[in-house]
Every structure is written in structure tokens, then in C-alpha cells.
Amino acid sequence: MAYYIRALLITTFLLSLPLTYLLVWRLKYTLSLTRPKPIRHGRRNPREPTHLLIVLGSGGHTAEMIAMLERAVNSPSPQSAQSLDWRDFAHRTWVVGEDDELSATKAKEFEEMATSLTSQETLMRGKVRAYTDHGPGSYEIKKVPRARAIYQSPWTSPFSVLRCFLACWSILTHGVYPEDVSAMQHIPADTKGRDYPDIILVNGPATGTVMVLASVALRFFDYKGAATRFRMRTLYVESWARVKRLSLSGRILAHMVDRCLVQWPLLDAKKTGPGRAEFQGCFV
Amino acid sequence: MSTSRQKIAFLTTGATATFPALIEAAVSPSFLEALAAQQYTELAVQHGADGQQLYDRLASKAESAGSGVKVTGFALDKTGLGRHMRRAQSSNNAEEGVVIAHAGSGTILDAMRTGVPTIVVPNPSLLEDHQQELADELEAREYVVKGRVEDLAGALARAEKLRQRTREWPPVNSGTHKGLKGILDEEMGYLD
């Protein structure tokens, strides 16, 4: 009997080496900085609906996210081409903590403000080109269990993180249409559901980190073709409060996200920071 | 005497975390005397739901000490604190006062946008004590005064000096960077 057990252990050990190598290779491929982006035909093409997902942590995270988005849509002025037109994103998904009414309210107020701003482009379109515009688009606010409560030590969070992870996975895959549909150049207008988010924008709360991890897991396992759709570009903006050192979320995500942006020059990866951190000015 | 203008100090502990040490330091006879010495007429305190009991206890003690500074307080304002911070701005019947805030990034941004001299006090009980760095950096760049709970009166004196030097946020030359829109456009793959 001992012989078989030994043989089994040795075989398992020998198989685990190439298996580990394959898993690590797959992970590196998933997190590659050069993964392709989709080809777009025009900015607000009704046949290529765009989808932005934003995670609002509570308190300062929400305040910074809203301040950042407000500055982007209002500056230099709502009419100029350098300001962000909120309607460039046909659908916006806001993810908030399940007991965070304040963030849900702030999201709603921002949506109402931003979709009513009229850019110069839209003014010039007029009625003639209305068919190329999909209007103010739509948004929804979704709730997830918190990954970590304020004051909770990160070491005690595995259960809360797991609950949050499952909720994030289900939000990302909710209503996602199958691969063969997404592979079409023009999605038929009557298709139900939508594609994975084009961009996932997070700015530091644990819930945001878990959302990014869920999107990486989806791409790792190529669930419903997540790896081949070239979506879910992850955009991490480090908190403005982090001047000399990345936050815990930043340290975890710095090597995983497509873009990691810091708001103080000392954190730029070329100088001292880890991973892919870039300084592109302050956003708030 | 009755025609003297108001001068309001607005204190906020934020909406997310409690900061009882700041409330205790501010609603104390010694700090109220320091306020009175600088001709302040009112200290308005936003103490959060958790700070209600503490504030009530301290406010009644402060009234009996009789410094001449009116003390008012409230727990939260769901519509935001901008309105309350602006009470500290100068106007027809008010001299410019001061905003004393916990060093949360959202609160600091709101306070800097009002243009009123701001004292930021880091709350040391938060994850990795993350409020210290921002307070230090902004004080070094002369946007705010960094205060400690142990020496609020000293911070008040430094805020008076800051009054002449207040700088605007966001900084004027910040338009040279890509901005969030630039990054989003890059990630979406728009070629225009």
C-alpha cells in the first residue's frame, strides 16, 4: 500500500509543477499591459453601446470620485471639447455598499447634473444627425455587501471579501450576452442584455479592489468569452490623500490594473512607486 | 457693541468616522477663550450622530464658563456641508472666519473651494493613519494649516496668518495634464 501512496504523491508533485507554470503563465497573459482594445467606429455609435462601471466606497472615496467626475465634465467648461461628455457612455453602472444611502444619492444627483450638460458637439449635431446619437443613455445603481467595514482590520476580512466577490461577479456577468453575439461587428438592436463594462473605474475602497479582482478572475477563466472581448479595462485612481505611499488597495492593484493613476508626483512608478503607477496630474 | 460683525468658526468631524478628540478639544473653555481673543462670535460644530452626547455635555459646560462665544451644533446635513462652510466666508454682516475640519480628502476639497482659511486635523484612528500625509503636504504648500488636537489654539493663530496667503484650488497650471477625460479616451480606444 505504501508503494502506491508514494507513487501517487510523487506523480501529484510532478504534475503540479507544469500546472503551476501554466497557471502563472495564464495569469501573466491575463494581466498583460498590451492586451488589445476593441476597435471603435465613432464616439457615440448606437450600434456599439458603451458601458462604464463606477464603484463608490463610502465617505471620502465617494467624495473624491464625485469631485473628480464633476471636474472632468465641467472643465474647462461644459461646452468645450476637452470636457468629458457624460453621454459618451451609453450605460453607467454605479456600485455602492448595501447600506450606503448617501453614495446612492450622490450618484443619482451626479447623473442628473451630468446628462443635462450640453457639449458643443451635441449643439452642433442638431436634428439631422440625431440617428447617430443615443441620447442621455441610462444608468443603474447596484448594491453589494461591503468588502471591509471602516476600522475593520484587513486580516479579518476574508468572509466579507468573499461575499463581496460573489456579488461583484454577478454584477459584471449580469445580462451579458454570449460570445457569438459580441463577436458581431454590429449588435442587433433588439438584443437583450449588454456587454461587459468597457471601463471599471475605482478609486480605492476595498469594494473596488474586489470588483477589479472579480473582473480579472472572469478574464482568467475566459467566462463567457471575457478574455476575448477586450473589455473591462480597469482604471484605478489612487486617493488624493495618498502623497508618499500607495494605499493598501493601491499596493494590491498596482500590478494588476490596466491603468494605475496617482495624484502626487512622488508616487510615480518611475521614481519610487511599485507597479504601473503613473502621475498625470491631480484629478479632484 | 451690538453693531459688531459676526465671525464664525465652523468645525466639522466628517460624516463617516467619529472624532471625539476633536470635539473635546474644540468645545473646551481654553479654545473658546482663544476664539474670543480673535474676536470670533460663534463656534458652529458638526459633530456627527455619534458625537451628539459628547457635544451636549461639553456645550452645557462651555455655556456656564461664559466666554462670549456662542456654541451651536448639529449632527449631520444630508445636503452637504458647503452651506455651513460658506457661513464662515466674509459678507456684509460677517468677517471671514475659519473652518476647522478633520483631514478627510472630500472635506478638505470642499473647504479649500470656499476660500476660507482652513485648519485640518488628522484623525489618527483610521487605516494606516492616512490623513497625516495629505495634511502635511497641503500645509507645506500653504493651502491649509495642519492642526493637532493638543494645540488647536496654536493652529488658530497660524490660520490668522494664512488668511493673507490663501491659495486657490485647483492650481492654475493643472490644465497641462491629460485629465480624467484623456485617460478615459485612451482606455476606450478612441482615436480622435
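Taken in order, these protein sequences are the chains called E and D.
Just so we're aligned: 197 in our numbering is position 197 of the first sequence, and the numbers increase by one with no gaps anywhere.
Just so we're aligned: 12 in our numbering is position 12 of the second sequence, and the numbers increase by one with no gaps anywhere.
No residue lacks a Cβ here, since even glycine has one placed at the ideal position from N, Cα and C.
Note that the structure is predicted; figures quoted are calculated from it, not measured.
Have a look at D:Val69, D:Leu180, D:Ala17, D:Asp185 and flag the residue whose alpha-carbon is nearest the alpha-carbon of Tyr40 of chain D. Reading the second sequence from its first residue, position 40 is the one you call residue 40 of chain D. Closest by alpha carbon: D:Val69.
Leaving out five residues on either side along the sequence, give the residues of the same chain with a beta carbon under 7 Å from the beta carbon of Asp151 of chain D. Within the second sequence, numbered from 1, the residue matching residue 151 of chain D stands at position 151. Contacts found: none.
Neighbourhood of Leu84 of chain E by C-beta, 6 Å cutoff - its chain only, sequence neighbours within 5 removed: Locating residue 84 of chain E in the first sequence gives position 84, counting from the first residue. Same-chain partners within the cutoff: Ala72, Val73.
As an exercise, report each continuous beta strand (DSSP E) stretch of at least 3 residues that is fully enclosed by the region 149 to 223 of chain E, in chain order. 199 to 202
Counting only runs that start and end within the region 24 to 96 of chain E, where is the beta strand (DSSP E) found for 3 or more residues in a row? 51 to 56
Nearest-angstrom Cα distance between Glu98 of chain E and Ser64 of chain D? Counted from its first residue, the first sequence places residue 98 of chain E at position 98. Counted from its first residue, the second sequence places residue 64 of chain D at position 64. Each residue's Cα considered, the two are about 44 Å apart.
Check the Cβ of Lys181 of chain D against every Cβ in chain E and list those closer than 8 Å, keeping chain order. The residue labelled residue 181 of chain D in the question sits at position 181 within the second sequence. Under the 8 Å cutoff, chain E gives Ala72, Gln82, Ser83, Leu84.
Reduced DSSP category for Gly182 of chain D - H, G, I as helix; E, B as strand; rest coil: Taking the first residue of the second sequence as position 1, residue 182 of chain D is located at position 182. Gly182 of chain D: helix per DSSP, three-state reduction.
Quick check: what's the CA-CA separation for Met256 of chain E versus Leu31 of chain E? Here residue 256 of chain E corresponds to residue number 256 of the first sequence, with the count starting at 1. Here residue 31 of chain E corresponds to residue number 31 of the first sequence, with the count starting at 1. So the alpha carbons of these two residues sit roughly 6 Å apart.
Tell me, please, whether the CB atom of Ile10 of chain E is closer than 7 Å to any CB atom in chain D? On the first sequence, residue 10 of chain E is found 10 positions in, with the first residue counted as 1. Using beta-carbon distances, Ile10 of chain E does not count as an interface residue toward chain D, since no partner is under 7 Å.
Length of the line joining the Cα atoms of Arg87 of chain E and Arg163 of chain D: By 1-based counting over the first sequence, the position of residue 87 of chain E is 87. By 1-based counting over the second sequence, the position of residue 163 of chain D is 163. About 41 Å.
Quick one: which residues of the region 145 to 162 of chain E get their C-beta closer than 7 Å to a C-beta of chain D? List them in chain order. Ile150
Cα-Cα, which of D:Leu11, D:Glu96, D:Arg5 is closest to Lys161 of chain D? Translated into the one-based positions of the second sequence, residue 161 of chain D becomes position 161. When only C-alpha atoms are compared, the closest one is D:Glu96.
Lys70 of chain D CB to nearest chain E CB: under 7 Å? Taking the first residue of the second sequence as 1, we reach residue 70 of chain D at position 70. Taking Cβ atoms only, chain E never reaches closer than 7 Å to Lys70 of chain D, which makes this a no.
Consult DSSP for Ala269 of chain E and reduce its assignment to one of helix, strand or coil. Within the first sequence, the letter at position 269 stands for residue 269 of chain E. In the displayed model, Ala269 of chain E falls within coil according to three-state DSSP, outside both helix and strand.
Note down, in chain order, each residue of its chain lying with its Cβ closer than 7 Å to the Cβ of Lys224 of chain E, except the 5 sequence neighbours on either side. Your numbering for residue 224 of chain E matches position 224 in the first sequence. Closer than 7 Å at Cβ, skipping near neighbours: Thr173, Val176, Pro178, Glu179.
DSSP-derived helix/strand/coil call for Gly66 of chain D: Position 66 of the second sequence, counting from 1, holds the residue named residue 66 of chain D. Three-state result, Gly66 of chain D: coil.
Can you confirm whether Val257 of chain E, when its beta carbon is compared against all beta carbons of chain D, has any partner nearer than 7 Å? The residue given as residue 257 of chain E occupies position 257 in the first sequence. Taking 7 Å as the threshold, the shortest C-beta distance from Val257 of chain E to chain D does not fall below it.
Cβ neighbours of Ile199 of chain E in the same chain (closer than 6 Å, five flanking residues each side left out): On the first sequence, residue 199 of chain E is found 199 positions in, with the first residue counted as 1. Here the set comprises Leu52, Arg233, Leu235.
Can you look up Gly104 of chain D in the DSSP assignment and give me helix, strand or coil? Here residue 104 of chain D refers to the residue found at position 104 when the second sequence is read from its first residue. Gly104 of chain D: coil per DSSP, three-state reduction.
Got a sec, what are the start and stop residues for the beta strand (DSSP E) Leu261 of chain E sits in? The count along the first sequence starts at 1 and reaches residue 261 of chain E at position 261. Segment 259 to 262, the beta strand (DSSP E) holding Leu261 of chain E.
Range of the contiguous beta strand (DSSP E) that encloses Phe279 of chain E: For the purposes of this step, residue 279 of chain E is taken as residue 279 along the first sequence, with counting starting at 1. Counting along the chain, the beta strand (DSSP E) containing Phe279 of chain E begins and ends at 277 to 279.
Check each residue of the region 100 to 118 of chain E: if its Cβ is closer than 8 Å to any Cβ of chain D, include it; give the result in chain order. Among the residues of the region 100 to 118 of chain E, those with a Cβ less than 8 Å away from any Cβ of chain D are Leu102, Thr105, in the order of the chain.
Here's a check: name, in chain order, each residue in its chain whose Cβ is nearer than 8 Å to the Cβ of Thr18 of chain D, leaving out the five neighbours to either side. Reading the second sequence from its first residue, position 18 is the one you call residue 18 of chain D. For Thr18 of chain D, where only same-chain residues beyond five positions count, the Cβ hits under 8 Å are Gly48, Asp50, Gly51.
Between the region 77 to 86 of chain D and the region 111 to 120 of chain D, can you find at least three pairs of beta-carbon atoms closer than 8 Å? yes
Can you give me the C-alpha to C-alpha distance between Ser249 of chain E and Gly182 of chain D, rounded to a whole angstrom? Position 249 of the first sequence, counted from the start, is the residue given in the question as residue 249 of chain E. Position 182 of the second sequence, counted from the start, is the residue given in the question as residue 182 of chain D. Going by the C-alpha atoms only, they are around 23 Å apart.
Step through the CB atoms of chain D and report whether any lies within less than 7 Å of the CB of Leu235 of chain E. Within the first sequence, residue 235 of chain E is the residue found at index 235, counting from 1. Yes, Leu235 of chain E lies at the interface with chain D (some Cβ there is under 7 Å from its Cβ).
In whole angstroms, what separates the C-alpha of Pro46 of chain E from that of Pro136 of chain E? For the purposes of this step, residue 46 of chain E is taken as the residue at position 46 of the first sequence. For the purposes of this step, residue 136 of chain E is taken as the residue at position 136 of the first sequence. Roughly 12 Å between the two C-alpha positions.
Could you check whether Ala241 of chain E and His130 of chain D sit closer than 7 Å to each other, using their CB atoms as the reference points? Looking up residue 130 of chain D in the second sequence gives position 130. Looking up residue 241 of chain E in the first sequence gives position 241. A contact, by the Cβ cut-off of 7 Å.
Closest to Val212 of chain E by C-alpha separation, out of E:Ile252, E:Ala277, E:Arg43, E:Leu8, would be which residue? The count along the first sequence starts at 1 and reaches residue 212 of chain E at position 212. Of the candidates E:Ile252, E:Ala277, E:Arg43, E:Leu8, the one whose C-alpha sits nearest the C-alpha of Val212 of chain E is E:Ile252.
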